[in-house]
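*Asks:* For reference, the structure I am asking about is given below.
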Amino acid sequence: MLSVEGLSVRYGAVEALDGVSFEAAGGAITAVLGANGAGKTTLLRALSGLVRPRAGTADLDGTPLVGRPPEAIARLGVAHVPEGRGVIVELTVDENLRLGTLARLPRGDRRPAIEEVYRLFPPLDGRRHRHASTLSGGERQMLAIGRALVSKPKVLLLDEPSLGLAPAVTAQLMATLVDLSRRRDLCVVLVEQNARSALSVAQWAVVINLGRVVLADQPERLASDDQLRHHYLGF
Amino acid sequence: MGLFVNVLLNGVTDGTIFAAVALALVLIHRATGVVNFAQGAMGMLTTFVAFSLLTAGVGYWGAFVVALAAGFVLGALVERVLIRPLEGKPPLNPVIVTIGLLVVLEGVAGSIWGNTSRGFPAAFSQSGIRFGHDTVAFSHFDVFILVAVLALMVGLLGLFRWTDLGLRMRAAAFAPVVARLLGVRVGRTFSLGWAMAATVGALAALLAAPLSSFSPYYMDLYLVYGFTAAVLGGLDSPVGALVGGLVTGVSTSFVGGYLGSSLEPLGSLALLLVVLMIRPQGLFATTAARRV
Amino acid sequence: MAGQPLVRHLVLALAAAAGFYLLTSVLSPYDNFQVGEIAAYAVALAGLSVLTGVNGQISLGHGALMAVGAYSFGLLMTHTQLNLMVELLAAVGLTTVLGIAVGIPSARLAGPYLAGVTLMLALGLPLLADQYSSTFGGDQGLTITPPAAPGSLDPERWLAWIQIAAALVTIVLLANLLRSRFGRAFRAVRDDEVAAELAGIHVGRTKVLAFAVSAACAGLAGALLVLSTGIVNTGEFPLSLSIDLLAGMVLGGAGSLMGVWWGAVALVYLPQWSTSVAGSLSLGNGVSAYLATVVFGLILIVVMLVAPSGLQGLLRWTGGRLLSTLRWVPASVTALEVRQPANQEKDQESQEKDQESQESQESQESQESQESQESQDKQDRTERSEA
Numbered sequence: 326m327l328s329v330e331g332l333s334v335r336y337g338a339v340e341a342l343d344g345v346s347f348e349a350a351g352g353a354i355t356a357v358l359g360a361n362g363a364g365k366t367t368l369l370r371a372l373s374g375l376v377r378p379r380a381g382t383a384d385l386d387g388t389p390l391v392g393r394p395p396e397a398i399a400r401l402g403v404a405h406v407p408e409g410r411g412v413i414v415e416l417t418v419d420e421n422l423r424l425g426t427l428a429r430l431p432r433g434d435r436r437p438a439i440e441e442v443y444r445l446f447p448p449l450d451g452r453r454h455r456h457a458s459t460l461s462g463g464e465r466q467m468l469a470i471g472r473a474l475v476s477k478p479k480v481l482l483l484d485e486p487s488l489g490l491a492p493a494v495t496a497q498l499m500a501t502l503v504d505l506s507r508r509r510d511l512c513v514v515l516v517e518q519n520a521r522s523a524l525s526v527a528q529w530a531v532v533i534n535l536g537r538v539v540l541a542d543q544p545e546r547l548a549s550d551d552q553l554r555h556h557y558l559g560f
Numbered sequence: 002m003g004l005f006v007n008v009l010l011n012g013v014t015d016g017t018i019f020a021a022v023a024l025a026l027v028l029i030h031r032a033t034g035v036v037n038f039a040q041g042a043m044g045m046l047t048t049f050v051a052f053s054l055l056t057a058g059v060g061y062w063g064a065f066v067v068a069l070a071a072g073f074v075l076g077a078l079v080e081r082v083l084i085r086p087l088e089g090k091p092p093l094n095p096v097i098v099t100i101g102l103l104v105v106l107e108g109v110a111g112s113i114w115g116n117t118s119r120g121f122p123a124a125f126s127q128s129g130i131r132f133g134h135d136t137v138a139f140s141h142f143d144v145f146i147l148v149a150v151l152a153l154m155v156g157l158l159g160l161f162r163w164t165d166l167g168l169r170m171r172a173a174a175f176a177p178v179v180a181r182l183l184g185v186r187v188g189r190t191f192s193l194g195w196a197m198a199a200t201v202g203a204l205a206a207l208l209a210a211p212l213s214s215f216s217p218y219y220m221d222l223y224l225v226y227g228f229t230a231a232v233l234g235g236l237d238s239p240v241g242a243l244v245g246g247l248v249t250g251v252s253t254s255f256v257g258g259y260l261g262s263s264l265e266p267l268g269s270l271a272l273l274l275v276v277l278m279i280r281p282q283g284l285f286a287t288t289a290a291r292r293v
Numbered sequence: 510m511a512g513q514p515l516v517r518h519l520v521l522a523l524a525a526a527a528g529f530y531l532l533t534s535v536l537s538p539y540d541n542f543q544v545g546e547i548a549a550y551a552v553a554l555a556g557l558s559v560l561t562g563v564n565g566q567i568s569l570g571h572g573a574l575m576a577v578g579a580y581s582f583g584l585l586m587t588h589t590q591l592n593l594m595v596e597l598l599a600a601v602g603l604t605t606v607l608g609i610a611v612g613i614p615s616a617r618l619a620g621p622y623l624a625g626v627t628l629m630l631a632l633g634l635p636l637l638a639d640q641y642s643s644t645f646g647g648d649q650g651l652t653i654t655p656p657a658a659p660g661s662l663d664p665e666r667w668l669a670w671i672q673i674a675a676a677l678v679t680i681v682l683l684a685n686l687l688r689s690r691f692g693r694a695f696r697a698v699r700d701d702e703v704a705a706e707l708a709g710i711h712v713g714r715t716k717v718l719a720f721a722v723s724a725a726c727a728g729l730a731g732a733l734l735v736l737s738t739g740i741v742n743t744g745e746f747p748l749s750l751s752i753d754l755l756a757g758m759v760l761g762g763a764g765s766l767m768g769v770w771w772g773a774v775a776l777v778y779l780p781q782w783s784t785s786v787a788g789s790l791s792l793g794n795g796v797s798a799y800l801a802t803v804v805f806g807l808i809l810i811v812v813m814l815v816a817p818s819g820l821q822g823l824l825r826w827t828g829g830r831l832l833s834t835l836r837w838v839p840a841s842v843t844a845l846e847v848r849q850p851a852n853q854e855k856d857q858e859s860q861e862k863d864q865e866s867q868e869s870q871e872s873q874e875s876q877e878s879q880e881s882q883e884s885q886d887k888q889d890r891t892e893r894s895e896a
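So the protein sequences, as listed, match chains A, B and C.
Per our numbering, residue 326 is the first one in the first sequence, and the count goes up by one each step.
Per our numbering, residue 2 is the first one in the second sequence, and the count goes up by one each step.
Per our numbering, residue 510 is the first one in the third sequence, and the count goes up by one each step.
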């Protein structure tokens, strides 16, 4: 569904991404792993349009993404949940979700989609009209993902969703992601530093080091190669 | 007693106009982080357009609507042409541009309509309303001022709170990057924000015109009072703009009534300095402003 | 090592002094009068340039501050028999006190508060003079007799020398200030108030100091103008003067002490030029009066959009481009070309554009370019760590 070819991003004199290529299938979770500073966040930013690559392409079912502004890419069905979640704290939970529906859903479908998210994440249901600033870290993560899902995207880009979350919450989140990706034929690109939890749910793993793809393989094979694991993933 | 009441009423009327100017400043500052020093001059220009229409024989309400529409267009134009190119540059730069725009607009108005002061007709009678034997310093026109500004504020409040467009605009103002990721055309909402603010400013200028000597510079003082009002209320709070406007209006009116009208701007300055010393973030600040 | 920049500044100042001396000996008395005016405006612009270019605050009231200096000086000359220097310093002192009084409340929050407060000052102070017209001379203002020139020297030349000397002394002092830890504090506050606070800089005090310094310069400039014109009245210091000053400063290059001369020349000659243009196009009396200010307004808009570092910046950029083909030229930043902090999203294109448009500043030595290189490295590192 998502094919990336030769993506390169430069910040000033620094080559943050250098010729990154990989495929991410629909209905599956593709984990993007690597050390801090490897280029994972830059990759997601390039895919959602926040950063313009100096070379390379990224296609969603054949539709080119590179060169479009972020709002256009979002309207095509790419939902990016950035590092730090991007929950708008000055708005209520319901307003955050409603915001997510505006770009892609016709008016009649919006409220049902929001209700679906409340069913998926019950803690949010109890806090509909509270300001997002009153939510805990885990709840904010749910809100951010819920807001991304409410637009019925084709691609979900998640940047370190487990950051700052308790292990139990992370596990629950991952389980939800697996379920969602299957049910909705959603292409999930999961960037994680916590490689272990990511590998446990992913169907494909891409390892990035210093802006380059050093490995793209099935998670089981990656997990079984001790040297590889230790070198790039730290466990 | 008579003086006190009249000074108070004048203060309320003036304060309502200050509130409208303050609201325009707050809208733009909330949306794009810029203080639009040209706000008064932009309103002045659209009011002069109305003036030309009035002299050409167009009815008051026709000229009124045209002036507001012209304000809307002018606001969007200024944002798109002068402010948008400075995105990403230091925040000083657009402020400097609005200062330049201020004098350019005054010069343009002066060259088209001349620099002399003149009178501007009011929509309603400007003579004081009679209550029994007394006449109060409050006219039908003053009532109109209150009604117009309050109606506008309620309308804007409703727009922001209940409509999808308002939600998009708030999101773009609070978190432009996240808003873009959600498909909001942030650039367009900024233009719209400026357009709406300029419309409010156009209304304020139209209401102020009959009250002062109508020349290209007549909005300078209103800008300054509007700024005081906005700061008083908290540069990000529309409700604060209203309260700030009334407080500024009443206090400057008292300074003018009891100490002399030339001291009014300095009175407003003193008020501003006191507010900045005691509660710099204003009375209704919604965002946490950092104290230094 | 610490004494080297001071020596350099003194040498440059002496060279400039010699140049001015030669200039004034060949010019007519009226031209000398104008050269003196230019020097006086240069003093005001130098202070403003430090305030805006180096410390990042905007003042719309420097015309009013010049008026304060002018009126103080005028009143002292009229009512006392003090030494000229003492009177000048007193005028400077009074203006500085006002600057501090206004600067303190305005410095409490990050934001455009100083601009608004000074705008009110510019509109309100002249009215004060009107209200108390007996002290301030009302519409007519005050008239003073300029100090007599020694011997058979042209009075205009003599006064011009005083004004030029004052300008050069001020610029040397400011240049040294910018080199000192105060200058570094100014820049740190301009670039990132939060970071500066964390680094131990008292942001409020720094902002007040910068404004006080600029107010002192404005007061001096106002007093110097009175010296050669012999009159003070509120008509000389309208709101448009404050905006003209801002434009002159921006034109020369915010933060550039060399650039102030461009702005000062514009301030003296633009009004004359616009009057003759208005006359030749028969635009009528009203137009010429504000045509100059409209041009200044256009300067503000155009410079900001096209060349934010002003003329001095353009010169450095062209010079830098030429030199960079020969050797590495240290790049640095002025207030109006500062990169946004790394946590703001920016697309790659505009980042590259920022890199290209960075220009070096007048008071730059290797010391400063090192500092900015360090902060650039820090930014690059932060950006990299986000990846």
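Backbone N, C-alpha and C define an ideal beta-carbon position, used for all residues, glycine too.
Within its chain, find whatever has a CB closer than 7 Å to the CB of M467(A); leave out the 5 residues flanking it on each side and keep chain order.
*Replies:* Within the same chain, M467(A) has close Cβ partners F446, P448 and L449.
*Asks:* Where does Y219(B) land, buried or exposed, given buried means 16+ other C-beta within 10 angstroms?
*Replies:* By the neighbour-count rule (16 or more Cβ atoms within 10 Å), Y219(B) is buried.
*Asks:* To the nearest angstrom, how far is it from the Cα of F720(C) to the Cα of Y443(A)?
*Replies:* Cα-Cα distance, rounded: 54 Å.
*Asks:* Given a cut-off of 8 Å, decide if M154(B) and A32(B) are closer than it, judged by their beta-carbon atoms.
*Replies:* Cβ atoms of A32(B) and M154(B): not closer than 8 Å.
*Asks:* Let me know the secondary structure DSSP gives R429(A) once reduced to three states.
*Replies:* Here R429(A) sits in coil by DSSP.
*Asks:* Run through chain C and tell me which residues come within less than 9 Å of M278(B), C-beta to C-beta.
*Replies:* Under the 9 Å cutoff, chain C gives I613, P614 and R617.
*Asks:* So G381(A) is in the beta strand (DSSP E); what residue range does that whole segment cover?
*Replies:* Element bounds for G381(A): A380 to L385.
*Asks:* Mind listing the chain B neighbours of L416(A)? Cutoff is C-beta to C-beta under 8 Å, in chain order.
*Replies:* Within 8 Å Cβ-Cβ: L168, R171, A172 and F175.
*Asks:* Identify the continuous beta strand (DSSP E) that holds H556(A) and give its terminal residues.
*Replies:* Element bounds for H556(A): n/a, residue is neither H nor E.
*Asks:* Counting C-beta neighbours from all protein chains within 10 Å, is the total for S458(A) 16 or more, i.e. buried, or is it exposed?
*Replies:* The residue in question, S458(A), is exposed, as its Cβ has fewer than 16 Cβ neighbours within 10 Å.
*Asks:* Please classify Y539(C) as buried or exposed, where buried requires at least 16 neighbouring CB atoms within 10 angstroms.
*Replies:* So Y539(C) ends up on the exposed side.
*Asks:* Between L632(C) and L273(B), is the Cβ-Cβ spacing less than 8 Å?
*Replies:* Cβ distance not < 8 Å, so L632(C) and L273(B) don't count as in contact.
*Asks:* Quick one: what does DSSP say I740(C) is sitting in, helix, strand or coil?
*Replies:* Strand, per DSSP.
*Asks:* Among Y550(C), P780(C) and Q543(C), which residue has its Cα nearest to the Cα of A676(C)?
*Replies:* Nearest of Y550(C), P780(C) and Q543(C) to A676(C), Cα basis: Y550(C).
*Asks:* Would you say G258(B) faces chain C, with C-beta separation under 8 Å as the test?
*Replies:* No, G258(B) does not count as interfacial toward chain C.
*Asks:* Would you grab the beta carbon distance between T561(C) and A763(C) for me? Rounded to a whole angstrom, and I think it's under 8 Å.
*Replies:* Contact flag correct, Cβ pair sits at about 5 Å.
*Asks:* Beta-carbon of A399(A) versus every beta-carbon of chain B: anything under 8 Å?
*Replies:* It does: the Cβ of A399(A) has a partner Cβ on chain B nearer than 8 Å.
*Asks:* Quick one: grab the DSSP three-state call for A349(A).
*Replies:* The answer is strand: DSSP assigns A349(A) an E or B state.
*Asks:* In chain B, which residues lie less than 8 Å from F805(C) when you measure between Cβ atoms?
*Replies:* Near F805(C) (Cβ distances below 8 Å), the residues of chain B are G101 and V104.
*Asks:* Using a Cβ-Cβ distance cut-off of 8 Å, determine whether D221(B) contacts chain C.
*Replies:* It does; some Cβ of chain C falls within 8 Å.
*Asks:* What is the rounded straight-line gap between the Cα of G713(C) and the Cα of L332(A)?
*Replies:* The straight-line gap from Cα to Cα measures roughly 46 Å.
*Asks:* From E871(C) to F529(C), what does the alpha carbon distance come to, in whole angstroms?
*Replies:* In this predicted model, E871(C) has a pLDDT of only 33, less than 50, meaning its place in the structure is not dependable; the value taken from the coordinates is given anyway. Straight-line Cα distance between these residues: approximately 20 Å.
*Asks:* Where P655(C) and S785(C) are concerned, what is the direct C-alpha to C-alpha distance, given to the nearest angstrom?
*Replies:* The straight-line gap from Cα to Cα measures roughly 30 Å.
*Asks:* Quick one: is R31(B) near chain A, going by C-beta distance under 8 Å?
*Replies:* No, R31(B) does not count as interfacial toward chain A.
*Asks:* To the nearest angstrom, report how far apart L207(B) and S216(B) are at their CA atoms.
*Replies:* Taking the straight line joining both Cα atoms gives about 13 Å.
*Asks:* For I100(B), which residues from the same chain have a beta carbon less than 7 Å from its beta carbon, with the 5 sequence-adjacent residues on both sides left out?
*Replies:* Only F38 meet the Cβ criterion.
*Asks:* Taking 8 Å as the cut-off, decide whether the C-beta atoms of A732(C) and G578(C) are in contact.
*Replies:* Yes, the Cβ-Cβ distance between A732(C) and G578(C) is below 8 Å.
*Asks:* Can you check whether the CB of A349(A) is closer than 8 Å to the CB of L182(B)?
*Replies:* It is not a contact, given that the beta carbons lie outside the stated cut-off.
*Asks:* Which of helix, strand or coil does DSSP assign to I710(C)?
*Replies:* Coil.
*Asks:* For P389(A), count the other beta carbons within 10 Å of its own beta carbon; 16 or more makes it buried, fewer makes it exposed. Which is it?
*Replies:* Its Cβ having fewer than 16 others within 10 Å, P389(A) is exposed.
*Asks:* For E396(A), decide whether its Cβ has a neighbour in chain B, counting only Cβ atoms nearer than 8 Å.
*Replies:* Yes - at least one Cβ of chain B is within 8 Å of the one on E396(A).
*Asks:* I want to verify the contact list: residues of chain B whose CB lies under 8 Å from the CB of G462(A), in sequence order.
*Replies:* Per Cβ cutoff of 8 Å: no residues; G462(A) is ~17 Å from chain B at best.
*Asks:* Ignore the nearest five residues each way along the sequence and tell me which others in F691(C)'s own chain have a CB closer than 7 Å to its CB.
*Replies:* L718.
*Asks:* Identify the continuous beta strand (DSSP E) that holds D639(C) and give its terminal residues.
*Replies:* Run containing D639(C): none in the beta strand (DSSP E); it sits in the alpha helix (DSSP H), Y622 to Q640.
*Asks:* Between T604(C) and L585(C), how many whole angstroms is the CB-CB distance? I'm expecting something under 8 Å.
*Replies:* Wrong, their Cβ atoms sit about 12 Å apart, outside the cutoff.
*Asks:* Please state the DSSP three-state secondary structure of L28(B).
*Replies:* Three-state result, L28(B): helix.
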